[in-house]
Amino acid sequence: MELKGTGESEVEAFLAECRRSGDGAYNAIKGILERLDNVESRKEARVFLASVQRHIAATDSHNRLSIFHFNIHDLSLSSYEGFQQNRKKLTMMELPSIFIPEDWSFTFFEGINRYPDSMFKDRTVTELGCGNGWISIALAEKWSPQKVYGLDINPRAVKVARINLYLNSLDENGFPIYDDEGKTLLERVEFHESDLLSYCREHNIMVDRIVACIPQILNPNPEAMSKLITENASEEFLYSLSNYCALQGFVEDQFGLGLIARAAEEGITSIRPMGRMIFNIGGRPGQAVCERLFERRGFRISKLWQTKVTQAADTDISALVEIEKGSRHRFEFFMGLVSDEPICARTAWAYAKSGGPISHALSVYSCELRQPNHVKTIFNFLKKGFHEASSALDLSFKDDLVADEKIPFLGYLAKVLEEHSFFPYEPPAGSTRFRNLIVHFMRIYHHIPLTPDNIVIFPSRSVAIEHALRLFSPCLALVDQNLTRNLPKQWLTSLSIQRRTNEKCGPEAVTVIEAPHRSDVMIELIKKLKPQIVVTGIADFEAKTSSAFEQLLDATRLIGSRLFLDMSDHLELSSLPGTNGILKYLATNALPSHASILCGLVKNQVYTDLEVAFVISESEEVYTSLAKTMELLQSRTPLFSQYYYGCLFHELLNFQLPDRHQTAKRFYPEEYSGNMIGIADSAVKALQKAELSNLELRDVDVIHLDLDQSSLTVPSTVKEAVFESFARQNIIDAETDLGLGIEDFVKGKFGFPADQCNEIFLGDSALALFTKLVLVCMQEGGTLCFPTGCNGNYVYAAEFLKASIARIPTSIETSFKLTDKIVEQFLGSVERPWLYISGPTINPTGLIYTSEEICSILLACEKYGARVILDTSFSGLEFETTDSRIWNLESVLLKSLNPSFSLSLLGGSSFEMLTGGLEFGYLIMTHMPLIEAFKDFPCLSRPHGTIKYTIKKLLTMCGQKSNVLLEAICEQKQILKKRFEQMKKMLLHCGWEVIDSSGGVSMVARPIAYEGKTIHLKQPLNNGINELKLDGDNIREAMMRTAGLCINSSLWTGIPGYCRFALALDDAGFQKALQSLGTFKNYVFENSL
1 MELKGTGESE
11 VEAFLAECRR
21 SGDGAYNAIK
31 GILERLDNVE
41 SRKEARVFLA
51 SVQRHIAATD
61 SHNRLSIFHF
71 NIHDLSLSSY
81 EGFQQNRKKL
91 TMMELPSIFI
101 PEDWSFTFFE
111 GINRYPDSMF
121 KDRTVTELGC
131 GNGWISIALA
141 EKWSPQKVYG
151 LDINPRAVKV
161 ARINLYLNSL
171 DENGFPIYDD
181 EGKTLLERVE
191 FHESDLLSYC
201 REHNIMVDRI
211 VACIPQILNP
221 NPEAMSKLIT
231 ENASEEFLYS
241 LSNYCALQGF
251 VEDQFGLGLI
261 ARAAEEGITS
271 IRPMGRMIFN
281 IGGRPGQAVC
291 ERLFERRGFR
301 ISKLWQTKVT
311 QAADTDISAL
321 VEIEKGSRHR
331 FEFFMGLVSD
341 EPICARTAWA
351 YAKSGGPISH
361 ALSVYSCELR
371 QPNHVKTIFN
381 FLKKGFHEAS
391 SALDLSFKDD
401 LVADEKIPFL
411 GYLAKVLEEH
421 SFFPYEPPAG
431 STRFRNLIVH
441 FMRIYHHIPL
451 TPDNIVIFPS
461 RSVAIEHALR
471 LFSPCLALVD
481 QNLTRNLPKQ
491 WLTSLSIQRR
501 TNEKCGPEAV
511 TVIEAPHRSD
521 VMIELIKKLK
531 PQIVVTGIAD
541 FEAKTSSAFE
551 QLLDATRLIG
561 SRLFLDMSDH
571 LELSSLPGTN
581 GILKYLATNA
591 LPSHASILCG
601 LVKNQVYTDL
611 EVAFVISESE
621 EVYTSLAKTM
631 ELLQSRTPLF
641 SQYYYGCLFH
651 ELLNFQLPDR
661 HQTAKRFYPE
671 EYSGNMIGIA
681 DSAVKALQKA
691 ELSNLELRDV
701 DVIHLDLDQS
711 SLTVPSTVKE
721 AVFESFARQN
731 IIDAETDLGL
741 GIEDFVKGKF
751 GFPADQCNEI
761 FLGDSALALF
771 TKLVLVCMQE
781 GGTLCFPTGC
791 NGNYVYAAEF
801 LKASIARIPT
811 SIETSFKLTD
821 KIVEQFLGSV
831 ERPWLYISGP
841 TINPTGLIYT
851 SEEICSILLA
861 CEKYGARVIL
871 DTSFSGLEFE
881 TTDSRIWNLE
891 SVLLKSLNPS
901 FSLSLLGGSS
911 FEMLTGGLEF
921 GYLIMTHMPL
931 IEAFKDFPCL
941 SRPHGTIKYT
951 IKKLLTMCGQ
961 KSNVLLEAIC
971 EQKQILKKRF
981 EQMKKMLLHC
991 GWEVIDSSGG
1001 VSMVARPIAY
1011 EGKTIHLKQP
1021 LNNGINELKL
1031 DGDNIREAMM
1041 RTAGLCINSS
1051 LWTGIPGYCR
1061 FALALDDAGF
1071 QKALQSLGTF
1081 KNYVFENSL
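Read in this note's numbering, the sequence shown has 224 at position 224, and its numbers run on one by one without any break.
Here is the structure:
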């Protein structure tokens, strides 16, 4: 009795302390928690709480919180269907400063309760916004999970939840309550203070299930959230955490769903791949908005349970009324619990003010990630600060086939963008990874033993066909009528069909005859017309067997025609591909040297018109020539097109066991012994002279100082724009229309009145647009004039196309720049002159044309009616330029009175907008006859909508003078300036004469100390010569074979003796290049003969 009396007095003292204030009650309760945490005093503390509960039971339950500032009561669970444990109720403590169980949490538990035992049994579970912990405890009691982590940002809630855990882990006498597995709730449940999933992240906890009943109403006072959240904060503020949330930086903030959006994204990181999230969502924003929150983040959702609940009287919905005022969106409420007709927030607010009850839907959603590993990769990338791309992300799909294509690609793209500081250099034949994937696909699915050196990648099927025809320059070509749409009009209107044995014609003399899409008709035409080139497909019914293909092979071999067979319509990217007669033939027969297979990839579920093509050839000569032609006329196939289709191939291969499928023994057919058309002489010479990627040394680690591509760090803004362009859905035309952006850009930069121009053409690269201009020049009978000291690739491209070329001499006195006097003197003797000028930054010298210099040159051109191609694509990274406007071309164009004079402005994005390997070109033309002539050459590989979207965003940033982009440009200018100084110092040390550079990504120098020295090469030249007497023309080969360093020779620059060095390498490559210069110097002076 004495002990009992002592216990009674302790309880009275405890309750007296609690009556004083909420803080007094909380401090007293903390003291009880400390005793519960202590194993020695735990039993006594639990008995004490049982006594407290009995004492306050005499007080009306509605008044306990106001009298004692806490409550302990039993929460009944027996009514829930399927509750298997013996326990029918939970004992729970509540405080005014924490969320008290009500309809929201009861509805949530009802939804969870619909799951079978297997959903949570032996799983790791996290509850977000656990409040007093009743759901975490009930979940652990019913389903016996391995561990439940109850998390809440409210520190008082966490302490009360821990007390509740003790209340239900120990009976009223303080003894442990064991379940069927011999465990107590103390072993299964933990509670921690945490801002959403921060506790799991900090402790590297991965979970199987996340359950969350968290607030979703806009805070009418968002600044309140900036207060320090501590257990000593006011009860009113701590309670507000249960009802309001601050803006979270998500697009869903406008609907009051920002905190749930953040929880979903954090959950993607913390949940295991096959895990599930279960959320309680109030339907006030509308069901479609609630569901889209999850679907656009890659979740499959199902609605477990839905009911209506009365809107809490203490929840202010005026913020939702304000949102409705400024938007078309209408929130969704109901008049009472019975009505099914939704009303908007404004009506609901007015009805509630008048005393009417309002309600809203309350739903429980189960969310499961589709393609979980890829989605995790995507969000790991986006959390690096890419807020705009995160808001634009849309992974909701009506069609699973679309999801199965797009999500893996976005995952791969995110990985590439995160892991690479720049877009990697790829060989001109195409991405090595992409070609390897094609090879493995052919080997595994069709048993064809190809190698990557049998495949060349092109931007499109049309580009591949035109490049093949220009490479061989046949007098007569027979082309399938379905494949002629993008060929030059001159080829399709010529009537010259007489074939001359092994004779090649100029581009203007090529005659293309259209043929029906049937092999028997095509073969008859082949026999009669004897074309030198045949480009054809075969009908669907003929593709089932190899007979039609074999007949075409025989027919073309007998007369010595080259065959390009298009199988685009018959290649199935499927794990269960149908019969393909062409591929069936190649499984047992090598492809004859006169035949190549063409395949355009356009069949995808996601990005319309995103195309890439490949050519299969088992002739080394054809493979090498096509790859070099691609590099010379086009630059490279767009990287992201290869990434996309590479992902499709990868998805078909990643479940296959490697090297399990053996290929059959192949038959090698008899080659044609007669005269067959070879590569055009102009093409052979141009490809030999052009300093293209050295395919013979592709297995050697070469440092490239000969590339017009930047490997400097791509800014995060560019990466974000790229990702956003592919992540978006339903992009409208206005978002990819570059016209106004380009006009404003060139007007602001060069003073070019683009708003008065007639046409803007877009291309995959500036080089691709330039080659079309060359064809226009040739059609006019013009002479293309290049100053010595310009980009050698452009000169050799013109030579390849058989253009009439003249070189304008420049001198060291003018720093190898043109002047008005030089131009006037030269153009006076040229008929129909076309003049190519690189500027403001000149490639390769890195010198700059001032506004006064270029205007005087253009006035001289205007005098002689020259057509001027002004190439600005290598500009934008001038070292010292601070003024955004470099030129004022408007003054020249407005003064021009000569109708023959025209100025075509060529530009690109690679350097000016720091897009690196992401190439894009534009051409502005102002002369209508030239515009119409340009359109006669329709086979132009144009940028896909995703690229245009990216460029538009960057142009907008340029126009707005975005600090982020301007700082990145300034940083790269300083890097290049420092690189030039380092390279100059090393070159001077090694005996080179250097011309000072003022900007750009390259410089020139002359090997004075090496000229005339003879050395023995480690690797002989292709002609077998292994000794060289060094000069500016051959030093490229010497450096490549002795030091692994690849530069451009003086043949490429056009300046006698001076070679080009590119500066825009990655840091490691640049340092290695400096070392290689010293290596070459030592080799020459130690081994010269």
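Quick reminder that beta carbons are idealized off the backbone N, C-alpha and C, glycines included.
As the structure is a computational prediction, the values presented were derived from the model and not from experiment.
- Here S76 carries a strand assignment [DSSP, helix/strand/coil].
- D996 and L818 have their C-alpha atoms spaced approximately 17 Å apart.
- Straight-line spacing of the CA atoms in I947 and Q729 works out to 14 Å.
- Positions of the beta strand (DSSP E) runs, each at least 3 residues long and wholly inside the stretch 815-849, are given as 833-838 in order along the chain.
- Its chain contains L75, L90, M92, P101, S105, N164 as the residues whose beta carbon lies nearer than 8 Å to that of W134, once the 5 sequence neighbours on both sides are disregarded; these appear in chain order.
- Taking each of G907, E418, N486, K1081 in turn and checking the Cα distance to I742, the smallest one comes out for G907.
- When the five nearest sequence neighbours on each side are left out, the beta carbons in the same chain lying within less than 6 Å of the beta carbon of L186 are those of S169, in order along the chain.
- Excluding five sequence positions before and after Q551, the CB atoms of its chain that fall closer than 7 Å to its own CB belong to S519, I523, given in chain order.
- Taking C-beta atoms as the reference points, I842 and G1000 count as a pair closer than 9 Å.
- Beta-bridge partners of V158 (DSSP): none assigned.
- Taking the CA atoms as reference points, N373 sits about 24 Å from L639.
- In this structure the stretch 952-966 does not lie against the stretch 619-630, because fewer than three pairs of beta carbons, one per stretch, are closer than 8 Å.
- Within the stretch 913-976, complete beta strand (DSSP E) segments of at least 3 residues are found at 921-925, given in chain order.
- Contiguous alpha helix (DSSP H) elements confined to the stretch 384-437 occur at 387-392, 400-419, taking only those with 4 or more residues.
- The C-alpha of E824 lies about 8 Å from the C-alpha of Y864.
- Two segments are said to touch when three or more pairs of C-beta atoms, one from each, lie closer than 8 Å; by this definition the stretch 639-659 touches the stretch 570-579.
- Looking at the DSSP output, E1027 bridges to H1016.
- Each residue's CA atom was taken as its position, placing S363 and L966 some 47 Å apart.
- From the listed residues L976, L487, Q642, C861, the smallest Cα separation to F934 is found for L487.
- Taking 9 Å as the cut-off, the beta carbon of I538 is found no closer than this to the beta carbon of L478.
- Secondary structure of V1004 (DSSP, three-state): strand.
- H360 carries a strand assignment under DSSP once its states are collapsed to helix, strand and coil.
- Residue burial is scored here from C-beta neighbours: C970 has fewer than 16 other C-beta atoms within 10 angstroms and is therefore classed as exposed.
- Under the Cβ criterion (8 Å, minimum of three pairs), the stretch 607-616 does not count as touching the stretch 686-694.
- Cβ atoms of I808 and P787 come within 8 Å of each other, at about 4 Å.
- Under DSSP, C1046 shares a beta bridge with H704.
- Comparing alpha-carbon positions, the option among I29, L450, D820, G283 lying closest to R162 turns out to be I29.
- Taking a contact as a CB-CB distance under 8 Å, the pair A361 and K308 counts as one, their CB atoms being some 6 Å apart.
- Of all C-beta pairs linking the stretch 851-867 to the stretch 1003-1010, fewer than three are shorter than 8 Å, placing the two stretches out of contact.
- Counting along the chain, I67 sits inside no beta strand (DSSP E); it lies in the alpha helix (DSSP H) bounded by residues 64-68.
- Pairing I677 with A464, the inter-Cα distance amounts to about 18 Å.
- Counting of Cβ neighbours within 10 angstroms places I153 among the buried residues, the total reaching 16 or more.
- Beta-carbon to beta-carbon, S366 and R276 are separated by about 6 Å, close enough to satisfy the 8 Å threshold.
- Assigned with DSSP and collapsed to three states, F299 falls in strand.
- For V892, the enclosing alpha helix (DSSP H) begins and ends at 890-895.
- Under the DSSP assignment, A539 falls outside any beta strand (DSSP E); it carries neither an H nor an E label.
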